[in-house]
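Note sheet for the following structure.
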Amino acid sequence: MAINPQLVVSTWLTAFAAASQSCNVEAFSSLFLPNGWLRDLLVFSWDIRSLEGRSKVADYVAAALADAEIKDVKLDETAHLAPQVSFVPAVQAMDVELAFSFEFRNGHGRGYARLLPNEDGAFKALTAFLMLSVLEQQSVAAD
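Taken in order, the sequence shown gives residues -22 to -1, 1 to 121; the numbers are from mature numbering (1 follows the signal peptide of the UniProt record, and there is no 0).
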């Protein structure tokens, strides 16, 4: 069966944007495989975190998704970052890789994800990496 990477990426990224903007923790965590990984580099907190498993992802973003204020999620179609299909020998399956950008409370962010089909054929994140790429200057209110 041939994989249409544009369709896979569009479906996943639309769901990612909707879950992020609506602060729906269940929808956000459902974007991951049960054993999927989230790597957070200064998007949800000022710590660097790696979390394995859908339940740990849900627990982590439950307190931070609303505060992150993720919006303007856009696919990065730069030639070397455009969606691509590749074979993953460890799981004997084809994956779809993508890069994207987004805005959030503290600045501009970038994301990278590797999507694999689950048992139903729906593509979910084996890995998703979200990082702060440009820190916005924040004004401090005077007391």
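In this text, a Cβ means the ideal position worked out from N, Cα and C, and glycines have one as well.
Quantities reported herein were computed from a predicted structural model and do not represent experimental measurements.
Between which residues of its own chain and residue 36 is the CB-CB distance below 8 angstroms, once the five residues before and five after are set aside? 3, 4, 6, 7
Can you give the Cα-Cα distance for residue 73 and residue 110, rounded to whole angstroms? 25 angstroms
Mark residue 28 as exposed unless 16 or more other C-beta atoms lie within 10 angstroms of its C-beta, in which case mark it buried. exposed
Three-way DSSP call (helix, strand, coil) for residue 45 in this model: helix
So, helix, strand or coil for residue 40, using DSSP? helix
Identify which residue in 83, 97, 102, 84 has its Cα closest to the Cα of residue 122. In the structure as shown, the chain begins at -22 and stops at 121. Residue 122 is therefore absent and cannot be evaluated.
Three-state secondary structure (DSSP) at residue 59? coil
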